[in-house]
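Notes to accompany the following structure.
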Amino acid sequence: PPDSIKKEFFTETKTHTTCGWKGVASYYTITVDGKENKDAAWYYPDTKEKANNIKGYIAFWKGVKVE
1198 PPDSIKKEFF TETKTHTTCG WKGVASYYTI TVDGKENKDA AWYYPDTKEK
1248 ANNIKGYIAF WKGVKVE
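Letter 54 of the sequence shown, counting from 1, is numbered 1251 in this note's numbering, and no numbers are missing.
Following this line, the structure appears as structure tokens:
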């Protein structure tokens, strides 16, 4: 859930992508121990109707492990 992350590790970026059925995604750079992983997390702040169940949830890639 969106409120379960430690926001001090996340910085919004200017990156945005568009999915035809989900909408526009926004990205975060994750910084841990001084190491940045650019655009390693993304979310849909405003989704299209069919994707309302993922609105605001954060997804990870680029080697991010969630513990």
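Beta carbons: idealized from backbone N, C-alpha and C, even for Gly.
Leaving out five residues on either side along the sequence, give the residues of the same chain with a beta carbon under 6 Å from the beta carbon of W1239.
Along the sequence shown, read from residue 1 onward, the residue named residue 1239 stands at position 42. For W1239, where only same-chain residues beyond five positions count, the Cβ hits under 6 Å are A1222, Y1224, A1256.
Span separating the alpha-carbon of C1233 from that of P1199
Taking the first residue of the sequence shown as position 1, residue 1233 is located at position 36. Taking the first residue of the sequence shown as position 1, residue 1199 is located at position 2. In the sequence on display, residue 1233 carries Glu and not Cys. Distance between the alpha carbons of E1233 and P1199: 20 Å.
Can you tell me whether D1230 is helix, strand or coil according to DSSP?
In the sequence shown, the residue the question calls residue 1230 occupies position 33. Coil.
Count the other CB atoms within 10 Å of the CB of Y1254; is the residue buried (16 or more) or exposed (fewer)?
Residue numbering aside, residue 1254 sits at position 57 when the sequence shown is read from its first letter. Exposed, since its Cβ has fewer than 16 Cβ neighbours within 10 Å.
Going straight from the alpha carbon of W1258 to that of K1245, what length do you get?
By 1-based counting over the sequence shown, the position of residue 1258 is 61. By 1-based counting over the sequence shown, the position of residue 1245 is 48. One C-alpha to the other measures close to 22 Å.
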